[in-house]
Structure formats: C-alpha cells, structure tokens
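What follows is a short report on a single structure.
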Amino acid sequence: TDGGGGGICEKTPLRVQDFLGYKSTEDPLFKADKLMVRAAPLVDPDNFEEYLDVVEKYREKADQGAMMAYTSSWGEANPNGGKDIIEEYLVSTKVEVEKTESLLRAVLGYLNLDVLPPSRSLK
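Position 97, counted from 1, in the sequence shown is what my numbering calls 127; the numbers after and before it change by one each time, with no gaps.
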C-alpha cells in the first residue's frame, strides 16, 4: 500500500457489498432503505417529499455500487479482462459509493440524527 502500513493490500471488490449491506442480514446497512422509509413520519412534513426522493436516490446509488463491485469481481474472468479492468471498475464503484455515503448523510440530516465518523473496523 502507498504510505499505509507497509503490507500488501489485496483489492477485494465484494468487500464493498459488506459495507453497503448487500451480503448478509448481519451487515450494518442491510435493507437500510426500508428502515428509512419507515422513519419517514419523523421527518418535518415540509421536507417529506424531498426526504423520500433522497431515500430513493440512496437506494439507486447503493444498488449501483453493489452491482459495480460484483461486476468488477469478474474483471479477470471476462475476455480481455485483467487486474487493470478490475481497477477501472473499482474506480467507478468508488464514485458510486461516495455518492451513496453523501445521500446517507443527507438522510441522517433529515432525521436530525448525528452523523457518526466512519467505522475503522468491521467485526
């Protein structure tokens, strides 16, 4: 890793799905969009429609990020594939995940919840 702990880091695209809640019912964000919809009555009525739009965009971006991560995991197996193809997909995946994070933060804002710092470890 560049400037990291000095060890070698293997890029595992499916790890993205862990963080977005797409691999297990134990994942922190598993079906988070459904919880967000159920929390809609807690939102200021003046912002209700905007909130639901943000929740829908969150779901779409999370789906896209998870799908791109899955697709990138097959980058080497595809014809003309290789580690460079995986890297390209991962860059696109990162963009989607960053948009997803921004939307998640917006949802928390609508619900007047504190935004926690990113987790440094997962189980």
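Note that the Cβ used here is the ideal one computed from N, Cα and C, for glycine as well.
Remember, it's a predicted structure, so these values are computed and weren't measured experimentally.
- Taking C-beta separations shorter than 6 Å and ignoring five residues to either side along the sequence, Asn142 has no partners in its chain.
- Taking 8 Å as the cut-off, the Cβ atoms of Met66 and Tyr88 count as close.
- Three or more Cβ pairs drawn from the stretch 133-140 and the stretch 72-82 lie within less than 8 Å of each other, which places the two stretches in contact.
- Inter-segment contact for the stretch 112-131 and the stretch 69-77 is absent: fewer than three beta-carbon pairs are separated by less than 8 Å.
- Contact between Lys91 and Thr55 does not hold, since their C-beta atoms are separated by about 21 Å, which reaches or exceeds 8 Å.
- For Thr130, the enclosing alpha helix (DSSP H) covers residues Lys113 to Tyr140.
- With fewer than 16 other Cβ atoms inside 10 Å of its own Cβ, Val145 counts as exposed.
- In this structure, Asp63 sits away from Val46, with a CB-CB distance that is not shorter than 8 Å.
- Leaving aside the five residues that flank Pro75 on each side, none in its chain has a CB nearer than 6 Å to its CB.
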